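*Asks:*
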Amino acid sequence: MKVNGTHFRSLWWDFEQDALQIIDQRWLPHDFRIQQVNSLQDFADAIFEMRVRGAPLIGATAAYGMAVAMRLDPSDAAMDQAWSFLNATRPTAINLRWALDRCRTHLRPLDAEARAAAALSLAHEIADEDVEINRQIGVHGLELIRQIAKSKPAGEPVRLLTHCNAGWLATVDWGTATSPMYHAHEADIPIHVWVDETRPRNQGALTSWELNSHGISHSYITDNAGGHLMQHGQVDLVITGTDRTTRRGDVCNKIGTYLKALAAKDNDVPFYVALPSPTIDWTVSDGVAEIPIEERDEREITHVQGKTEEGTIGVVQVTPDGTPGGNPAFDVTPNRLVTGLITERGICAASEAGLAGLFPDMAAARPA
Ligand code: MRU
Numbered sequence: 031m032k033v034n035g036t037h038f039r040s041l042w043w044d045f046e047q048d049a050l051q052i053i054d055q056r057w058l059p060h061d062f063r064i065q066q067v068n069s070l071q072d073f074a075d076a077i078f079e080m081r082v083r084g085a086p087l088i089g090a091t092a093a094y095g096m097a098v099a100m101r102l103d104p105s106d107a108a109m110d111q112a113w114s115f116l117n118a119t120r121p122t123a124i125n126l127r128w129a130l131d132r133c134r135t136h137l138r139p140l141d142a143e144a145r146a147a148a149a150l151s152l153a154h155e156i157a158d159e160d161v162e163i164n165r166q167i168g169v170h171g172l173e174l175i176r177q178i179a180k181s182k183p184a185g186e187p188v189r190l191l192t193h194c195n196a197g198w199l200a201t202v203d204w205g206t207a208t209s210p211m212y213h214a215h216e217a218d219i220p221i222h223v224w225v226d227e228t229r230p231r232n233q234g235a236l237t238s239w240e241l242n243s244h245g246i247s248h249s250y251i252t253d254n255a256g257g258h259l260m261q262h263g264q265v266d267l268v269i270t271g272t273d274r275t276t277r278r279g280d281v282c283n284k285i286g287t288y289l290k291a292l293a294a295k296d297n298d299v300p301f302y303v304a305l306p307s308p309t310i311d312w313t314v315s316d317g318v319a320e321i322p323i324e325e326r327d328e329r330e331i332t333h334v335q336g337k338t339e340e341g342t343i344g345v346v347q348v349t350p351d352g353t354p355g356g357n358p359a360f361d362v363t364p365n366r367l368v369t370g371l372i373t374e375r376g377i378c379a380a381s382e383a384g385l386a387g388l389f390p391d392m393a394a395a396r397p398a
């Protein structure tokens, strides 16, 4: 999508440098910095430190990490080591393991000399596929927005609420939850987006930055405001992303998503999740019991980064000295609270039958 009118993907291969370039998201929305990622350690740091973040983008980055590892040493041992090293960076988003498994399965039967080139072209393929998947999610999600728009007086915006950043920065392009919004905007359907700030890392500021760049009307709101807005009829539709969705449709996403789903249920507001198929974990069913939830550094709670009035980027402490923090980074929304899943193959119920109906090939291939 666009940054100051120029099209960017959130990562790209620089053929002159023969290396991966990423947008270092730690400095957004205040500073747009591009960074080259070289060694396997660099790739692991980029994912762990959230220079890149968002489930689909983590997966694509890991695929390029495997490609770089294969250049240095294409042996089976090095491949397994790279798999474990990268897989250990973040535990919740399943796209990481999905991409690493896909790379390893593809490379294992090849001769060592063929692996580096094959790994790089597979990484390109995974990145391009992600763009197309998200574009299709937008095409299907657009129909939901169009239906709501039809029920409103002409010119009145469809009001959407989203949590975290499930925008193009969290994917290779388009975003998942934002893709229907971009498509609606392109189709001249008036929309307004309520953007949850999403403490502690304020990924909502990334969503605002994206929507700003595309001229989409939105308001940045506190994480606590959504329930109130829903009670007062100010939200027509919630769309969030997901970091891992189980085969029965339980949705694990950024901490706070579950509370939005509860409020949506209580207020009869449709709650949809934009779900690319690589984010489905066919091996698990009960999300609350089975999905590992990342616990992040308490410093993310006790300190906040922002732009000072002098225009520099700085960090301030918001709690009394010595206050301990607790920082679970994700939560699980049970399928009964999810109105539907917007996938690249269409929209389905958040249920085993719903997902298997759209993805019979993947459901059948799942390990016993
Ligand atoms: O911790 P993050 O910033 O990687 O978490 C990202 C999210 O929770 C997104 O909402 C999620 O990946 C959905 S995807 C596009």
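Every position in the sequence shown, counted from 1, becomes a number in the working numbering once 30 is added. From the three backbone atoms N, C-alpha and C, an ideal C-beta is built for every residue, glycine too. These figures come from a predicted structure and were not determined experimentally.
1) If you run the structure through DSSP and keep just helix, strand and coil, what is residue 239?
2) Under 8 Å: do the region 122-130 and the region 85-98 share three or more Cβ pairs, one atom per stretch?
3) Run through the region 311-365 for me and flag every whole alpha helix (DSSP H) of 4 or more residues, listed as ranges in chain order.
4) Return yes when at least one heavy atom of ligand 1 lies under 7 Å from the C-beta of residue 273, else no.
5) Quick check: the region 240-250 against the region 274-289, are at least 3 beta-carbon pairs closer than 8 Å?
6) Express the C-alpha separation of residue 235 and residue 40 in angstroms, rounding to a whole number.
7) Please indicate yes or no: does the CB of residue 359 lie closer than 7 Å to some heavy atom of ligand 1?
8) Which whole runs of the beta strand (DSSP E) in the region 181-226 are 3 residues long or more, in chain order?
9) Could you give the first and the last residue of the continuous beta strand (DSSP E) run that contains residue 301?
10) Go through its chain and collect everything with a Cβ distance to residue 337's Cβ below 8 Å, but skip five positions before and after it.
11) At the level of alpha carbons, what is the spacing between residue 206 and residue 102?
12) Which value, in whole angstroms, describes the spacing of the CA atoms of residue 122 and residue 270?
13) Any heavy atom of ligand 3 inside 7 Å of the beta-carbon of residue 90?
14) Taking 7 Å as the cut-off, is the CB of residue 378 close to at least one heavy atom of ligand 1?
15) Taking DSSP as the reference, what is the three-state secondary structure of residue 274?
16) Under 7 Å from any heavy atom of ligand 1, does the C-beta of residue 205 make it?
17) What does the Cβ neighbour count give for residue 307, buried or exposed, with the cut at 16 atoms within 10 Å?
18) What did DSSP end up calling residue 309 once you bin it into helix, strand or coil?
19) Should residue 322 be counted as a contact of ligand 1 given a C-beta to heavy atom distance under 7 Å?
20) Can you pull the DSSP bridge partners for residue 284?
21) Nearest to residue 198 by alpha carbon, out of 238, 170, 228?
22) CA-CA distance, residue 347 and residue 329?
23) Rounded to the nearest angstrom, what separates residue 349 and residue 331 at their Cα positions?
24) Which full runs of the alpha helix (DSSP H) of 4+ residues lie inside the region 52-107, going along the chain?
25) Cβ-heavy atom distance between residue 180 and ligand 1 below 7 Å?
26) Just to confirm, does residue 235 get its C-beta within under 7 Å of one of the non-hydrogen atoms of ligand 1?
27) Mark residue 372 as exposed unless 16 or more other C-beta atoms lie within 10 angstroms of its C-beta, in which case mark it buried.
*Replies:* On the basis of the data shown:
1) Within the sequence shown, residue 239 is the residue found at index 209, counting from 1. In the structure shown, residue 239 sits in a helix (DSSP, three-state: H, G or I).
2) Result yes; three or more Cβ-Cβ pairs closer than 8 Å.
3) 317-320, 329-332
4) Stepping through the sequence shown from its first residue, residue 273 is reached at position 243. Because some heavy atom of ligand 1 lies under 7 Å away, the Cβ of residue 273 counts as near it: yes.
5) Too few Cβ pairs lie closer than 8 Å, so no.
6) Indexing the sequence shown from 1 puts residue 40 at position 10. Indexing the sequence shown from 1 puts residue 235 at position 205. Approximately 16 Å, taken between the alpha carbons.
7) Counting from 1 along the sequence shown, the entry for residue 359 is found at position 329. At least one heavy atom of ligand 1 sits closer than 7 Å to the Cβ of residue 359.
8) 188-192, 221-226
9) As a working mapping, residue 301 is identified with position 271 in the sequence shown. Residue 301 -> beta strand (DSSP E) spans 301-304.
10) As a working mapping, residue 337 is identified with position 307 in the sequence shown. Taken in chain order, the residues that qualify are 60, 343, 344.
11) The sequence position of residue 206 within the sequence shown is 176, counting from 1. The sequence position of residue 102 within the sequence shown is 72, counting from 1. Each residue's CA atom was taken as its position, placing residue 206 and residue 102 some 34 Å apart.
12) Locating residue 122 in the sequence shown gives position 92, where the first residue counts as 1. Locating residue 270 in the sequence shown gives position 240, where the first residue counts as 1. Spanning the two alpha carbons is a distance of roughly 16 Å.
13) You won't find ligand 3 in this model; what it holds is ligand 1.
14) Along the sequence shown, one-based indexing puts residue 378 at 348. No, ligand 1 has no heavy atom inside 7 Å of this Cβ.
15) As a working note, residue 274 is residue 244 in the sequence shown. In the structure shown, residue 274 sits in a strand (DSSP, three-state: E or B).
16) For the purposes of this step, residue 205 is taken as the residue at position 175 of the sequence shown. True, at least one ligand heavy atom lies under 7 Å from that Cβ.
17) Start at 1 with the first residue of the sequence shown, and residue 307 comes out as number 277. Label assigned to residue 307: buried.
18) In the sequence shown, the residue the question calls residue 309 occupies position 279. Residue 309: helix per DSSP, three-state reduction.
19) Counted from its first residue, the sequence shown places residue 322 at position 292. No, since every heavy atom of ligand 1 falls outside the 7 Å radius drawn around the Cβ of residue 322.
20) As a position in the sequence shown, residue 284 is number 254, starting the count at 1. Per DSSP, 360.
21) Your numbering for residue 198 matches position 168 in the sequence shown. Selection 238, 170, 228 evaluated against residue 198 yields 238 as nearest (Cα-Cα).
22) The sequence position of residue 347 within the sequence shown is 317, counting from 1. The sequence position of residue 329 within the sequence shown is 299, counting from 1. Taking the straight line from one Cα to the other gives about 9 Å.
23) As a working note, residue 349 is residue 319 in the sequence shown. As a working note, residue 331 is residue 301 in the sequence shown. Cα to Cα, the separation comes out at about 8 Å.
24) If only uninterrupted alpha helix (DSSP H) runs of at least 4 residues are considered, those enclosed by the region 52-107 are 70-78, 85-102.
25) Translated into positions along the sequence shown, residue 180 becomes position 150. Outside the cutoff, so no.
26) Along the sequence shown, read from residue 1 onward, the residue named residue 235 stands at position 205. Because no heavy atom of ligand 1 lies under 7 Å away, the Cβ of residue 235 does not count as near it: no.
27) On the sequence shown, residue 372 is found 342 positions in, with the first residue counted as 1. With a 10 Å radius around the Cβ and a threshold of 16 neighbouring Cβ atoms, residue 372 comes out buried.
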